[in-house]
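A.B. asks: One structure is given below, represented as structure tokens, and several questions about it will come after.
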Amino acid sequence: MFDAVINNISYLMGGYWVTVKLAFFALAGGIPLGMLVGLGRISSNKWVYYPVTFYVNLIRNIPLILVIFWFYFVMPI
């Protein structure tokens with residue numbers, strides 16, 4: 002039943018480590034970016050507040066499926 006898994010465990014473990022590395026780098030980039038955007042949203046400086054608010058509203062209004070398609074079709078180029 003698990004012959005396919007046992008025979009390909011080296012490939013599966015390679016994919017596992019790629020996933021762990023990708024998750025680590027996403028966290029390492031996402032947390033500081035989120036902190037900066039959050040601080041920008043509570044800023045009283047209009048030169049910081051308005052661009053950050055525009056960025057947040059733009060990202061929130063783009064459907065997730067569109068972002069997935071964009072990464073799939075555009076990023077390999």
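The numbering of the sequence shown is our numbering, which starts it at 2 and goes up by one. Glycine included, every Cβ here is placed at the ideal spot set by N, Cα and C.
1) For the alpha helix (DSSP H) that M14 lies in, which residues bound it at each end?
2) Given this structure, state the Cα-to-Cα distance separating L37 from W48, to the nearest angstrom.
3) Output the distance between the C-alpha atoms of I43 and D4, rounded to the nearest integer angstrom.
4) Kindly indicate which three-state DSSP category N62 falls into: helix, strand or coil?
C.D. replies: Taking the structure as given:
1) I10 to R42
2) Each residue's Cα considered, the two are about 14 Å apart.
3) 55 Å
4) Under the three-state reduction of DSSP output, N62 falls in the helix class.
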